[in-house]
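Here the structure comes first, spelled out in structure tokens, and everything after it is commentary.
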Amino acid sequence: MTVQDAATLRARRQWPMPKQAVPGAPLLEVEDLSVRFRMPGGPSVKAVDGVSFRLEDGEAMGLAGESGCGKTTTALSLVRLLPANGRISSGSVRLFGIDLVPKTERQMARYRWREISMVFQGAMNALNPVKRVGDQIAEPIEIRLGQPRGAAQKRAAELLDLVGIPEKRASAYPHELSGGMRQRAMIAMALACDPALVIGDEPTTALDVMVQAQILALLERLRRDLGLSLMLITHDLSVIAETCDRVMIMYAGRVAEEGPVRRLFSAPRHPYTAKLLSSFPNIRADRRTLDTIPGSPPDLRKPPPGCRFAPRCAHAMPVCTEEAPTEVRFADGVRVACHLFPPGAQGVVASGVAASGIGGGLVRAAALPSAGGRP
Ligand SMILES: Nc1ncnc2c1ncn2[C@@H]1O[C@H](COP(=O)(O)OP(=O)(O)OP(=O)(O)O)[C@@H](O)[C@H]1O
Ligand code: SF4
Ligand SMILES: [Mg+2]
């Protein structure tokens, strides 16, 4: 995305940019983010450890990795909705160049929902069961944006229409709507304050495949029409292949590999990405020959030294258990943290491993419709 594209998208905003915004700064720049969870009478959980990434205006980034690798914690730390025992221990989260980490809870109110909003899995838990859906969407417009009640309700009706819910259903209670409709209502709520970035944490996981496809198509359309940026957390790699520009693969609280979806899925460089892709079911692959990743992710209270994937990696070398790999960036925009690619190899795609990736033919998942499976 060019600076001009970003400027065009920002010109579409309904509300002014935050006063402290730095001109020309990217939408979101996360640097060296670490999150710890305090545990009673023991070592804390290092759930996120030195994570960095960048998201441009209008861009969609997928976030994938096995259960417990820190996807939700990363997302929650952006909006500072971490559980009570969690805290950002270091790093920065710059939105339009403004670091949100030192912001007080009161100051964060300016950014949460208004600039970054979230859609969680299972809308029923997030919606208030005793409040009409239309009122729930109108409420943040009234409270956070200070709009009069009539204007807020009009906007709520427009938003329901935008996500494909007939206006007359605004008076329904959540239990009167289908699962797909409730998830649409959640998306309308997330859009209420016209945010720049929407984070979807498994937003379609609880839905059947048809409704899942509809919701994803809706997110894609909204992204295009409203110029939204999207961060999509999912175990379904084919959803990322269909919906996202870039993908970030996390393992045990760290970034293993990140880059353009097509590139990364067709020629994964990190052994973990390759395993994740080859263990992902898709409709063309024979499920009996599906790969598995031996062992399980480490205990994040005592992560192993060096590369955290080493105990499960078929390519592990002596250095892997001693030193954490340094991230290298390749000319095609992919960055990888693995000793197979030492810093000197930056941008060099001469070796067989680097040129073709180590998974060989794993693009299958990228080209196929969702199989709805979990790695
Ligand atoms: N409140 C908490 N207290 C202690 N540890 C926690 C807490 N919340 C999460 N964790 C731990 O932090 C790590 C990262 O969890 P997180 O929920 O971010 O993973 P995830 O990638 O979103 O997993 P999933 O795919 O299952 O949603 C895990 O080891 C998890 O057990
Ligand atoms: S650093 Fe070593 S153990 Fe880790 S993924 Fe690369 S080769 Fe495997
Ligand atoms: Mg999660």
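So the sequence shown is numbered by my numbering: it starts at 80 and just counts up by one. Cβ atoms here follow ideal geometry from the backbone N, Cα and C, with glycine treated the same way. No experiment lies behind these values; they were computed from the predicted model shown.
- In this structure, the C-beta of Phe-175 stays at least 7 Å away from each heavy atom of ligand 2.
- Short of 6 Å from the beta carbon of Glu-145, and not among the five residues preceding or following it, lie these beta carbons of its own chain, in chain order: Pro-376.
- DSSP lists Val-114 as the beta-bridge partner residues of Ile-167.
- Assignment of Asp-84 by DSSP, reduced to helix, strand and coil, places it in the helix class.
- For secondary structure counted as the beta strand (DSSP E) over 3 or more consecutive residues, the stretch 173 to 201 holds these complete runs in sequence order: 195 to 198.
- In the displayed model, Ala-139 falls within a strand according to three-state DSSP.
- Where Ser-317 is concerned, there is no enclosing beta strand (DSSP E), although the alpha helix (DSSP H) around it starts and stops at 316 to 322.
- In this chain, the alpha helix (DSSP H) harbouring Asp-304 covers 288 to 305.
- One alpha carbon belongs to Ile-244, the other to Ile-266, and they sit about 11 Å apart.
- With contacts defined as CB atoms closer than 8 Å, Leu-256 and Arg-248 qualify as a contacting pair.
- Approximately 12 Å separates the beta-carbon atoms of Ile-328 and His-314; this is outside 8 Å, ruling out the contact.
- A residue is called buried when at least 16 other Cβ atoms come within 10 angstroms of its Cβ; His-254 does not meet this threshold and is exposed.
- At a Cβ-Cβ threshold of 8 Å, Thr-352 and Ala-331 do not count as neighbours.
- For the pair Val-198 and Ala-139, the Cα-to-Cα distance works out to about 15 Å.
- Excluding the 5 residues flanking it on each side, Ser-171 has same chain C-beta neighbours closer than 6 Å at Glu-110, Asp-178, Val-180, in chain order.
- Relative to the Cα of Gly-423, the nearest Cα in the group Leu-206, Val-407, Ala-143 belongs to Val-407.
- Going by DSSP, Met-268 is part of no beta strand (DSSP E) but of the alpha helix (DSSP H) stretching over 258 to 270.
- The DSSP-derived three-state label of Lys-233 is helix.
- Ligand 2 never approaches His-314 closely enough for any of its heavy atoms to be under 7 Å from the residue's Cβ.
- Thr-153 and Ser-308 have their alpha carbons spaced roughly 16 Å apart.
- Listed in chain order, the non-local C-beta contacts of Val-130 below 8 Å within the same chain comprise Val-109, Asp-111, Leu-112, Ser-113, Gly-149, Thr-153, Gly-170, Met-329, Gly-332, Arg-333, Val-334, local neighbours out to five positions each way being set aside.
- Ile-222 and Ala-271 do not touch by the CB rule: their CB atoms are close to 10 Å apart, not below 8 Å.
- Pro-282 sits buried, since 16 or more C-beta atoms from the chains shown fall within 10 Å of its C-beta.
- For Ala-275 against Leu-157, the beta-carbon gap comes to about 12 Å, at or over 8 Å, which does not count as contact.
- Taking a contact as a CB-CB distance under 8 Å, the pair Gly-176 and Val-101 counts as one, their CB atoms being some 3 Å apart.
- When secondary structure is reduced to three states using DSSP, Arg-211 falls in the coil class, being assigned neither helix nor strand.
- Pro-404 has its alpha-carbon roughly 43 Å from the corresponding atom of Gly-258.
- Residue pairing by DSSP places Val-277 opposite Ser-196, Leu-309 in a beta bridge.
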